[in-house]
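Here is the structure we will look at, set down as structure tokens.
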Amino acid sequence: MLDAFARFPRAPLAHLPTPFSEMKRLRAALQAEGHLVPRLFIKRDDCTGLADGGNKTRKLEFLIGEALAQGADTIVTTGALQSNHARQTAAAAITAGIRPVLVLLDMVPYQGRAYRHSGNLLLDDIMGAEVRIVPQGANPAVFIKGAIDEISAADGKPFFVPTGGSNATGSLGYAAAYFEIADALDALGIANARIIHGSSSGGTQAGLVAGAALRGRGPAVHGINVYRGDHAAMKAGILSLARATAEALGAPSPADEAVILEEGFLGRGYGMPTAAMIEAVELIARNEGILLDPVYTGKAMAGLLALIRTRSTPPEEALVFLHTGGMPGLFAYEEEFTGNAKG
Ligand SMILES: Cc1ncc(COP(=O)(O)O)c(C=O)c1O
1 MLDAFARFPR APLAHLPTPF SEMKRLRAAL QAEGHLVPRL FIKRDDCTGL ADGGNKTRKL
61 EFLIGEALAQ GADTIVTTGA LQSNHARQTA AAAITAGIRP VLVLLDMVPY QGRAYRHSGN
121 LLLDDIMGAE VRIVPQGANP AVFIKGAIDE ISAADGKPFF VPTGGSNATG SLGYAAAYFE
181 IADALDALGI ANARIIHGSS SGGTQAGLVA GAALRGRGPA VHGINVYRGD HAAMKAGILS
241 LARATAEALG APSPADEAVI LEEGFLGRGY GMPTAAMIEA VELIARNEGI LLDPVYTGKA
301 MAGLLALIRT RSTPPEEALV FLHTGGMPGL FAYEEEFTGN AKG
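No gaps in the numbering here: position 16 of the sequence shown is 16 in the UniProt record's numbering, and each next residue is one more.
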């Protein structure tokens with residue numbers, strides 16, 4: 001496996017391997033509800049270590065590696081106002097001595113009082129990132145091109161990182177992460193397992209699926225759609241990115257069935273809170289002392305809980321929840337969590 005990744009430039013940004021632990025108290029709480037519950041594990045990619053961590057750090061190792069190899073002096077990236085990706089990209093750029101420019105879209109119709117200044121936006125400001133806001137209804141592509149053209153006109157060398165760092169370069173980070181997870185399961189003697197995680201721009205899932213193709217055996221990969229109403233198009237996008245990533249690695253092309261994407265947990269749309277998300281965030285915090293986030297991991301955990309409560313996965317199959325980070329988002333959604341326990 002080392003050979004497959006060694007030929008890509010890589011900036012060492014993440015604290016790896018991230019912790020891998022069992023959620024025994026959560027399992028007991030679900031058993032107390034009367035369910036047959038498999039062994040539950042958590043892979044702590046919220047602990048990747050860069051400016052509060054998260055899944056983008058693994059992708060950014062390869063993306064910043066490529067940017068440095070090309071002699072870039074400025075990184076331009078994009079995402080929603082509360083983008084975890086933009087926050088981690090800013091930190092990654094800073095550690096590499098590169099200037100971060102964040103083109104952030106005011107695209108989520110959430111009207112919480114802290115959404116437009118706290119959470120990730122506050123952290124972007126503290127890091128001194130240049131933030132350009134795209135108002136609702138405006139064309140993001142115009143703003144992105146404008147930023148890139150301006151940097152070039154001033155003799156700068158811009159490098160563009162797409163939404164979520166989700167291209168075949170960024171996804172290499174999750175192909176490598178698949179080995180980390182599968183090796184941890186092997187070390188515990190667990191042969192039957194499934195990784196569950198939130199899927200949005202798709203690079204995490206595509207990378208994991210490509211990693212599975214390269215490794216040839218290991219846990220299934222099960223994404224929870226937290227991003228798009230157009231589920232079929234999202235799934236097709238993940239498959240095509242998984243195939244591009246596998247090709248870059250010289251791995252067999254993933255089959256259609258390798259991409260499992262669960263719907264039903266998005267609610268009214270990306271970034272819009274759901275009751276199931278709030279229940280999941282509070283349940284995990286109160287049983288495991290682990291903080292999820294309102295936009296991705298809270299909805300993904302709601303998906304995992306539903307799989308258990310509806311007995312959709314067999315009890316002998318261990319579930320590994322991939323915690324992809326995002327905790328700063330809790331502060332942007334503070335009033336969702338002030339109602340105390342929902343039962
Ligand atoms: C905390 C968190 N979890 C999950 C995701 C989804 O990852 P991907 O965009 O690779 O699908 C993101 C992406 O922004 C994220 O910030």
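Think of the CB as a built atom: it goes at the ideal place given N, C-alpha and C, for glycine as much as any other residue.
Note that the coordinates shown come from a computational prediction; the quantities given were computed from them, not determined experimentally.
- Where His197 is concerned, the enclosing beta strand (DSSP E) starts and stops at Ala193 to Ser199.
- Annotation for Leu50: no alpha helix (DSSP H) segment contains it, and DSSP assigns it neither H nor E.
- Secondary structure note for Ile144: its alpha helix (DSSP H) is the uninterrupted segment Pro140 to Ala153.
- The beta carbons of Ile133 and Leu104 sit closer together than 8 angstroms.
- Within the chosen limit of 7 angstroms, ligand 1 does not reach the beta carbon of Gly267 with any heavy atom.
- In this structure the stretch 13-28 does not touch the stretch 122-138; the number of beta carbon pairs closer than 8 angstroms is below three.
- Within its own chain, the residues whose Cβ lies closer than 6 angstroms to the Cβ of Val281, once the five positions on either side in sequence are excluded, are Leu292 and Gly298, listed in chain order.
- In chain order, Phe62, Leu63 and Glu66 place their CB closer than 6 angstroms to the CB of Thr169, counting only its own chain and leaving out the 5 sequence neighbours on each side.
- When beta bridges are read from the DSSP output, Thr78 appears opposite Val103.
- In this structure, the CA atom of Ala242 is about 9 angstroms from the CA atom of Ala213.
- Inclusion of Ala176 and Leu185 in the CB contact set at 8 angstroms is not warranted, their separation being larger than that value.
- Ala318 carries a strand assignment under DSSP once its states are collapsed to helix, strand and coil.
- Taken through DSSP and simplified to helix, strand or coil, Phe8 comes out as coil.
- Distance from the C-beta of Thr310 to the nearest heavy atom of ligand 1 is not below 7 angstroms.
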